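Novice: Under the numbering used here, the first residue of the sequence shown carries the number 666, and numbering increases by one thereafter.
Beta carbons are placed, not taken as given, at the ideal position from N, Cα and C, and that holds for glycine.
Everything numeric in this text was worked out from a predicted model, so none of it was measured.
Here you go, one structure.
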Amino acid sequence: MGNIAIFGTTIADEYISKAIEIILKFTHEGFQVSICKALKEKLVITNQTLADIPEFKNISENDTQLIVSLGGDGTFLKCAHICYKTNIPILGINFGKLGFLAQTKPEDINFVIENIKQKNFSIRKRSLLDFSFVENGINHNDIGVNEITLQKSNAVKLIKLNIFVNEEFLCSFWADGVAISTPTGSTGYSLSLGSPILTPDNESLIITPIAPHTLSIRPIIIPDSQTIRVEACGEYTHFLISNDYLSHTVQQEPKIEIKKSKFTISTIEFNNTSFFETLREKLKLGYDIRK
Numbered sequence: 666m667g668n669i670a671i672f673g674t675t676i677a678d679e680y681i682s683k684a685i686e687i688i689l690k691f692t693h694e695g696f697q698v699s700i701c702k703a704l705k706e707k708l709v710i711t712n713q714t715l716a717d718i719p720e721f722k723n724i725s726e727n728d729t730q731l732i733v734s735l736g737g738d739g740t741f742l743k744c745a746h747i748c749y750k751t752n753i754p755i756l757g758i759n760f761g762k763l764g765f766l767a768q769t770k771p772e773d774i775n776f777v778i779e780n781i782k783q784k785n786f787s788i789r790k791r792s793l794l795d796f797s798f799v800e801n802g803i804n805h806n807d808i809g810v811n812e813i814t815l816q817k818s819n820a821v822k823l824i825k826l827n828i829f830v831n832e833e834f835l836c837s838f839w840a841d842g843v844a845i846s847t848p849t850g851s852t853g854y855s856l857s858l859g860s861p862i863l864t865p866d867n868e869s870l871i872i873t874p875i876a877p878h879t880l881s882i883r884p885i886i887i888p889d890s891q892t893i894r895v896e897a898c899g900e901y902t903h904f905l906i907s908n909d910y911l912s913h914t915v916q917q918e919p920k921i922e923i924k925k926s927k928f929t930i931s932t933i934e935f936n937n938t939s940f941f942e943t944l945r946e947k948l949k950l951g952y953d954i955r956k
């Protein structure tokens with residue numbers, strides 16, 4: 666992995682010096698480094714040495730074997746949306762808060778570089794979602810790494826949701842919305858909605874109601890080989906369709922088809938950590954405050 670692309674969006678001022686240090690360490694260790702244009706423009710103000718490092722605008726046109734995402738999980742998601750068709754593995758270095766996707770700590774950069782040079786890591790394939798809907802005769806489609814949600818836009822009105830799985834009717838309920846999550850997304854918004862955590866290699870999807878106005882509906886796990894259709898209706902409201910950090914407001918009653926994508930994202934994972942360790946560290950799983 667001699668060619669490395671550095672991706673980032675906005676980095677807080679307190680992390681700029683550390684970001685520059687990480688980039689320069691990669692270059693000093695003999696890696697061919699390029700930096701995305703927006704990030705380079707921000708960092709070069711602090712350190713002119715970076716001006717000599719090549720920049721890129723489109724990661725798909727960049728000859729690289731590894732993408733390093735500098736930021737939090739939000740930056741990692743943006744990186745994944747940009748490069749998911751390339752199949753280039755992503756390493757997230759966490760400058761954010763929780764860091765489930767961007768797991769690596771900035772202070773561990775020496776460990777990271779040494780293990781990359783020795784190829785002492787594994788590559789995990791993470792599933793994505795494809796979704797599509799039609800609005801005013803125009804077909805819209807995109808992918809989701811964490812989840813696809815359909816929600817109301819009017820804070821005081823509920824919407825009725827009809828859920829179908831492989832064209833078979835599942836159920837209807839009134840709620841603020843519904844979320845369809847991947848195993849990767851099960852530790853994100855889905856978790857805050859009360860859904861279970863899935864291991865990243867689990868071949869399932871989670872259907873989770875958002876604030877349902879009934880006690881008779883619960884999150885449902887289905888095989889990721891099945892296709893989900895969500896239909897919604899409601900009065901005095903528009904509808905908000907979101908995929909990860911992106912959103913689209915729809916004025917007509919939507920019908921969304923959601924299924925597992927043929928694409929995946931590849932993430933770099935080092936052999937000294939496991940998913941369960943991450944749960945204990947990040948979410949304090951099983952932590953007893955009475956101790």
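Using 8 Å as the Cβ pair cut-off and three pairs as the minimum, do the region 913 to 927 and the region 797 to 817 touch?
Specialist: Yes: at least three Cβ pairs fall under 8 Å.
Novice: For S729 and P874, I'd like the C-alpha separation in whole angstroms.
Specialist: Checking the displayed sequence, the identity of residue 729 turns out to be Thr instead of Ser. Rounded to whole angstroms, T729 to P874 spans 40 Å at the Cα level.
Novice: Using only alpha-carbon positions, find the residue among L823, G737, E772, I747 that is nearest to G757.
Specialist: Nearest of L823, G737, E772, I747 to G757, Cα basis: G737.
Novice: On the DSSP letters alone, give me the boundaries of the beta strand (DSSP E) that A844 sits inside.
Specialist: Per DSSP, A844 belongs to the beta strand (DSSP E) from 842 to 846.
Novice: Since A840 contacts A876 with CB under 8 Å, what's their CB separation in whole angstroms?
Specialist: Sure, about 6 Å apart at Cβ, within 8 Å.
Novice: Using the rule of at least 16 other Cβ atoms within 10 Å of the residue's Cβ for burial, across every protein chain shown, is G613 buried or exposed?
Specialist: Because residue 613 is not part of the residues shown, which for the chain are 666 to 956, the question remains open.
Novice: Beta-carbon within less than 6 Å of R894's beta-carbon, same chain only, minus the 5 sequence neighbours each way: which residues are those?
Specialist: The answer, listed in chain order, is F829, E922.
Novice: For chain B, find out if any of its Cβ atoms is closer than 8 Å to the Cβ of F765; answer yes or no.
Specialist: Absence of chain B from the displayed structure is noted, only one protein chain being present.
Novice: Could you tell me whether the region 847 to 867 touches the region 808 to 820, using the rule of 3 or more Cβ pairs below 8 Å?
Specialist: Yes, they touch.
Novice: Grouping DSSP H, G and I as helix and E and B as strand, with all else coil, what is F834?
Specialist: In the structure shown, F834 sits in a strand (DSSP, three-state: E or B).
Novice: Measure how close the beta-carbons of V733 and F776 come, nearest whole angstrom, since I'm counting them as under 8 Å.
Specialist: No, V733 and F776 are not in contact; Cβ-Cβ is about 14 Å, not under 8 Å.
Novice: In three-state terms, what does DSSP make of N827?
Specialist: Correct three-state label for N827: strand.
Novice: How do the region 896 to 910 and the region 814 to 822 stand: do at least 3 beta-carbon pairs fall below 8 Å, yes or no?
Specialist: Judged by Cβ distances under 8 Å, the region 896 to 910 makes contact with the region 814 to 822, as three or more pairs qualify.
Novice: What's the C-alpha gap between T879 and T769?
Specialist: Computed Cα separation, rounded: 41 Å.
Novice: Mind checking who E720 pairs with in its DSSP beta bridge?
Specialist: According to DSSP, which records beta bridges pairwise, E720 is partnered with I700.
Novice: A677 by DSSP, collapsed to three states: which one?
Specialist: If DSSP states are grouped into helix, strand and coil, A677 belongs with coil.
Novice: Take A677 as the anchor and find which of I747, K743, L735 has the nearest alpha-carbon.
Specialist: Comparing Cα positions, the closest option is L735.
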